[in-house]
Every structure is written in C-alpha cells, then in structure tokens.
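Note sheet for the following structure.
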Amino acid sequence: MLPFANWIHGTTVGWAVGGGVPWIWPACETLHFIGLALLVGCVGVFDLRLLGMAKGLQVEPLQRLMPWGIAGFVINFITGVMFFAGDPYQYINNTAFWMKMLFIGLAGANVMAFYAMGLNRRVEAIGAGEDAPTLAKIVAAVSLASWLGVVFWGRMMPFLGTSF
Amino acid sequence: MEILASLEHSAFSVWVKESGSIFAYPGILFMHTIGLGLLVGANTAINLRILGVARRMSLAPMESFLPVMWLGFWINAVSGSILFVADATTKLANPAFAVKMGCIALAVVNIFLIRRYVFRDPGLDRGPVPAIGKVLAVTSLLLWTGAITAGRLMAYLGQDSGAPEFINHIGG
C-alpha cells in the first residue's frame, strides 16, 4: 500500500489536493456531500419502494432515477480518490477508512447479486400497488444497511482508528 | 451573547466536545449526516421526478417520501442544535453559518410550496407538472445545494470549531 500511496501523493492531483491549491480540498468535501445526497436519495427511494413504501410507484420507471444515484457515486469516487491522493498517509493506517471501503464493497456485491439473480428483471414487472418479492426486499434492506455503514465509517474516519 | 457563552460552557457542551465518547461529537455528527441523506436525498428524488425524470411513473405516491424528509429534518434540527450549542459563539460569528440557516429557512418554505402547488394540484398526474412546480423543484435543489455547501465551508471559514479532542480534518 505504501508504494501506491507514495506514487499517488507524488502526482499533480496529489500535490494540488494536498495543499498546493488550497480551495480544492473544501470544494471536494462539498461535492462529496452533494454526491452523498444524490446517491443515498436515489438509491434509498428505490430500496424503500421495494420494501413497500410509496407502493403506488411503478418500479420499472422508478429505475430512471438510478443514473442520478450512479452520478452521485461517481462524484464521490472521484472526490474520494482525490482526498486519498492529497493525503494518503492519514488513510492507509485508518481502520475506519478500510471499514468504509469494506462497506462500499458490500454495497457493490449486493448490486451485483441483484443483477446476477435476475431480480432487476423481476422487479420491473412490479406495477402500482404491488408487492416486491421477498428476495428483492432482502437486497433492498442490505443496500440501505450497507450505505448507512458507508456513511457511518466515513464520518468516523477523523475520530476512530489510528491517530494521524 | 452571554447566554450563548454560558450554553457553550455548560456541562453538556463540555461532554459533547471533550468527553471523547463516540456518542458525543462523532455520534452527533454522524446523525447530522444521516439526517442530510434522508432530507436532501428524498428531496432530490422528488424534485427529479417533478422535473421529468421517470415521468412514466405517477408523481402522487412520491408524497409518501415527505415524512422521510421530515424525519431527516428533525434529526438534523436536534443534532444541529446540539452542535450549535457546543460551539455557539464561534458558529454565530461564522459567515457561512448565517448563509446555511438562510438557505434552510427558504428550503423549508419551499417544501410547503411544493406540497401546495404540486401534490395538492387537482390536475396532478393528469398532465405535465405546471411551470410553477418545476420552478419550485429547481429552487429546492439550489437551496439544499447552498445549505450543504455553506455547511461544509463552516469548517474552513471563520474560526476553528469542533471538538478539540479529535482531529476534525478529514471527512469531517
């Protein structure tokens, strides 16, 4: 991990985010929270519908919100890599950081399971007022729980783990 | 100002800032972020639908997500009040704080206007959303973006605040 940290810190991005251009860090923080709202909002609304909230919504068109949630994830992935490049040494030994990565991996594996089990096609048929299959509800609940975990460990990064 | 200073030095404020407990400053900040996700997240989904994303789906059931927004709002009103009291004088002196509060006040009015002009519209789901609804969705998105931006910048503008027990630098 250390050679990678050294390399990314030595890039222009690492220099700029790490203090070379002082406004970049706060700007990325702001974008990271806007990305959070987009991601958690769009994915969360989809999960809540599968769990039975706002049952009047047809699921197939509701999926049109998903690109906006993915946009939120992309914003947060890019700004997240930028934070890492700017100051990699405060992350590589931080337990909360690795827990956050673990929960992002969990959320990703959950999405892959959703597609691998063909649930994406099964839920498309769910019309207004109809219930989602139990398996889809489980995936939705795991999704909500894993994004909650991502936010929790992200917030704990300055407070838990090794000091830096 | 004296009241604020005494609140700031109360035993509760000292516990929040200096106890080092995960339930104090870190836990309250976590709740504030969860509230943000519920409030601005649900709000964003509703506004995107008003603006025409997923337009083949009826808009009326989206009203069920308003209670999710209000849950987020109250989580943040409580957690935000605690964070404010713990640092009252510094936060009040921070120009970004006033901008954040102004954006939130207008954004809350905006929620009521969306309920009135979109969800209470007798023509709801019988045709395209009227222009006023779309304007309100845009102002809502802009106001919450402004509130998040000002909130984040509070950590960088004005005097340092936050829990001295913790390094409040990354991700916070």
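Protein chains in written order, with the working numbering: chain A, 1 to 164; chain B, 1001 to 1172.
Ideal placement from N, C-alpha and C gives every residue a C-beta, glycine not left out.
None of the values given here were measured: they were computed from a predicted structure.
Give me the residue from the options with the minimum Cα distance to residue i.
i                       : options                        : result
residue 53 of chain A   : A:90, A:83, A:132, A:146       : A:132
residue 134 of chain A  : A:153, A:47, A:90, A:22        : A:47
residue 30 of chain A   : B:1058, B:1003, B:1152, B:1039 : B:1152
residue 2 of chain A    : A:117, A:123, A:90             : A:90
residue 14 of chain A   : A:81, A:116, A:156, A:124      : A:81
residue 1112 of chain B : B:1097, B:1092, B:1123, B:1070 : B:1070
residue 1067 of chain B : B:1115, B:1157, B:1099, B:1129 : B:1115
residue 1094 of chain B : B:1044, B:1001, B:1061, B:1154 : B:1154
residue 1132 of chain B : B:1126, B:1043, B:1121         : B:1121
residue 50 of chain A   : A:160, A:124, A:153            : A:124
residue 1052 of chain B : A:56, A:44, A:68               : A:68
residue 1025 of chain B : B:1063, B:1137, B:1016         : B:1016
residue 1098 of chain B : B:1030, B:1129, B:1005, B:1158 : B:1158
residue 171 of chain A  : A:156, A:55, A:120, A:117      : Given a span of 1 to 164 for chain A in the structure shown, any question on residue 171 of chain A remains unanswerable.
residue 41 of chain A   : B:1061, B:1054, B:1065, B:1031 : B:1065
residue 130 of chain A  : A:57, A:28, A:115, A:118       : A:57
residue 1019 of chain B : B:1086, B:1003, B:1048         : B:1086
residue 140 of chain A  : A:99, A:92, A:45               : A:45
residue 1139 of chain B : B:1046, B:1004, B:1028         : B:1046
residue 1076 of chain B : B:1134, B:1127, B:1037, B:1002 : B:1037
residue 79 of chain A   : A:8, A:27, A:126               : A:27
residue 1144 of chain B : B:1006, B:1039, B:1027, B:1032 : B:1039
residue 98 of chain A   : A:142, A:152, A:122            : A:152
residue 1004 of chain B : B:1028, B:1090, B:1074         : B:1090
residue 1127 of chain B : B:1074, B:1027, B:1058         : B:1058
residue 1129 of chain B : B:1060, B:1021, B:1001, B:1028 : B:1060
residue 9 of chain A    : A:118, A:23, A:92              : A:92
residue 160 of chain A  : B:1006, B:1021, B:1134         : B:1021
residue 1137 of chain B : B:1088, B:1002, B:1042         : B:1042
residue 142 of chain A  : A:43, A:122, A:22              : A:43
residue 1117 of chain B : B:1050, B:1104, B:1055         : B:1050
residue 976 of chain B  : B:1054, B:1048, B:1056         : There is no way to answer for residue 976 of chain B, as the model of chain B reaches only from 1001 to 1172.
residue 1002 of chain B : B:1056, B:1092, B:1100, B:1156 : B:1092
residue 77 of chain A   : A:6, A:32, A:94                : A:32
What is the C-beta distance between residue i and residue j, in whole angstroms, given that I count them as a contact (C-beta under 8 Å)?
i                       : j                       : result
residue 1035 of chain B : residue 1072 of chain B : 5 Å
residue 1030 of chain B : residue 155 of chain A  : 4 Å
residue 157 of chain A  : residue 96 of chain A   : 4 Å
residue 1124 of chain B : residue 1044 of chain B : The Cβ separation is near 20 Å, so there is no contact.
residue 121 of chain A  : residue 136 of chain A  : Between residue 136 of chain A and residue 121 of chain A the Cβ distance is about 11 Å, and since that is not below 8 Å, they are no contact.
residue 138 of chain A  : residue 59 of chain A   : In fact, because the Cβ distance is near 16 Å, the residues do not count as touching under 8 Å.
residue 972 of chain B  : residue 1007 of chain B : Lying before the first or after the last residue shown, residue 972 of chain B is absent from chain B, which here runs from 1001 to 1172.
Flag residue i as yes when its Cβ comes closer than 8 Å to any non-hydrogen atom of the ligand NAD, and as no otherwise.
i                     : result
residue 57 of chain A : You won't find the ligand NAD in this model; it holds no ligand whatsoever.
> Between the segment 1142–1161 of chain B and the segment 22–39 of chain A, do at least 3 Cβ pairs fall closer than 8 Å?
Replying inline: yes
> Quick one: any contact between the segment 95–113 of chain A and the segment 55–67 of chain A, if contact means 3 or more CB pairs under 8 Å?
Replying inline: no
>> Using a Cβ distance threshold of 8 Å, determine whether the segment 83–103 of chain A contacts the segment 147–157 of chain A, with at least three qualifying pairs required.
In response: yes
> Are three or more beta carbon pairs between the segment 16–23 of chain A and the segment 82–98 of chain A nearer than 8 Å?
Replying inline: yes
>> Ignoring anything shorter than 4 residues, give me the alpha helix (DSSP H) runs that lie fully in the segment 1091–1171 of chain B, in order along the chain.
In response: 1095–1114, 1131–1153
> With a cut-off of 8 Å, do at least 3 Cβ pairs link the segment 1105–1118 of chain B to the segment 1005–1014 of chain B?
Replying inline: no
> Fully enclosed by the segment 1039–1066 of chain B, which beta strand (DSSP E) runs are 3 residues long or longer?
Replying inline: none
> Is the number of C-beta pairs between the segment 70–81 of chain A and the segment 1079–1090 of chain B that are closer than 8 Å three or more?
Replying inline: no
>> Suppose only complete runs of 4+ residues qualify. What are the alpha helix (DSSP H) ranges in the segment 4–51 of chain A, listed by chain order?
In response: 12–15, 24–50
> Of all the beta strand (DSSP E) runs that stay within the bounds of the segment 55–97 of chain A, which reach a length of 3 or more residues?
Replying inline: none
>> Extract the residue ranges of the alpha helix (DSSP H) inside the segment 118–155 of chain A, only unbroken runs of 4 or more that lie entirely within it.
In response: 119–124
> Along the chain, which unbroken stretches of the alpha helix (DSSP H) at least 4 residues long are found entirely within the segment 1010–1040 of chain B?
Replying inline: 1011–1018
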